[in-house]
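Each residue of the sequence shown is one higher than the last, beginning at 26 in the working numbering.
Heads up, the thing below is written out as C-alpha cells.
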Amino acid sequence: MTRGAGLRCRLIGVAILASTLLSASIAADQRPYGVPPAYEGALDSLAAINIRNVELQTLHDDLAEPWAFEFLSPDELLVTETRGRLLRVPLAADRPVIVISGLPIIATSQQQTGLLDVALHPQFEQNHRIYFSYAEADP
26 MTRGAGLRCR LIGVAILAST LLSASIAADQ RPYGVPPAYE GALDSLAAIN
76 IRNVELQTLH DDLAEPWAFE FLSPDELLVT ETRGRLLRVP LAADRPVIVI
126 SGLPIIATSQ QQTGLLDVAL HPQFEQNHRI YFSYAEADP
C-alpha cells in the first residue's frame, strides 16, 4: 500500500468514527416525544419511550412524596407517601383523598425512611388485608 493510500484509509476511518460518535450523541439527547422528565435530572423510563399523545390531568395535588400505589378498584388507589401517610385516592377530582389511620410509627428522618411499598392480599375482597413495607422509627 502506498503512503497516500494508507493516509486515505486512516482519514476514512476517522470520518466513520466521527460520524458514529456524532450520531450516538444526538440520539442520546433526544427525549421521547411529548413526555417531559418527571423531575430535573430524571432518567427516561423504558415505558415512557413508547408513550405518544398522552394528555396529563392532575386529579389531586395534595399528595406529598408519593412512593407506591395499588389499585383498590378500577376507580380508587391506595397510595403510600415516604413521609408516612397511607392514602385512599379516588381517580375522580370531585372526591376527597382519605388519610388512613392506625399505622405504626414510621421513621421519617433517617436515610432509609418512610412508608414504602403497598400490596393487597390475593384474597383482599374476602379478608381486607393490606401489606406495606416501611422504615421503623427508633424507639
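Ideal Cβ positions, reconstructed from N, Cα and C, are used throughout, including at glycine.
All values reported here derive from a predicted model rather than from experimental measurement.
Practice prompt. Run through the region 127-159 for me and flag every whole beta strand (DSSP E) of 3 or more residues, listed as ranges in chain order.
Written response: Whole beta strand (DSSP E) segments, 3+ residues: 140-145, 155-159.
Item to complete: Measure the CB-CB distance between A162 and I125 and report whether it falls below 8 Å.
Response: Position 137 of the sequence shown, counting from 1, holds the residue named residue 162. Position 100 of the sequence shown, counting from 1, holds the residue named residue 125. Not in contact: A162 and I125 (Cβ atoms no closer than 8 Å).
Discussion item. Starting from E161, trace the beta strand (DSSP E) in both directions and tell me its first and last residue.
Written reply: Taking the sequence shown and counting its residues from 1, one reaches residue 161 at position 136. Note, E161: premise wrong, no beta strand (DSSP E); not H, not E.
Item to complete: Under 8 Å by Cβ, that's how I've got T107 and L140 pegged, so tell me the actual separation to the nearest angstrom.
Response: As a working note, residue 107 is residue 82 in the sequence shown. As a working note, residue 140 is residue 115 in the sequence shown. About 7 Å; that satisfies the 8 Å criterion.
Worksheet item: Shortest alpha-carbon distance to E117 belongs to which of F149, Q148, Y156, S98?
Response: Counting from one through the sequence shown, the residue named residue 117 turns up at place 92. For clarity, residue 117 is Ala in the given sequence; the question names Glu instead. The option with the nearest alpha carbon to A117 is S98.
Worksheet item: Using DSSP with H/G/I as helix, E/B as strand and the rest coil, what is A93?
Response: Along the sequence shown, read from residue 1 onward, the residue named residue 93 stands at position 68. Here A93 sits in strand by DSSP.
Worksheet entry | Nearest to P121 (by Cα), restricted to the options L84, P164, E65, Y159 | Indexing the sequence shown from 1 puts residue 121 at position 96. Of the listed residues, the one whose Cα sits closest to P121 is L84.
Discussion item. Let me confirm a value: V79 is counted as buried when at least 16 other C-beta atoms fall within 10 Å, else exposed. Which label applies?
Written reply: To locate residue 79, count along the sequence shown from 1; it is residue 54. V79 counts as exposed, since fewer than 16 other beta carbons sit within 10 angstroms of its beta carbon.
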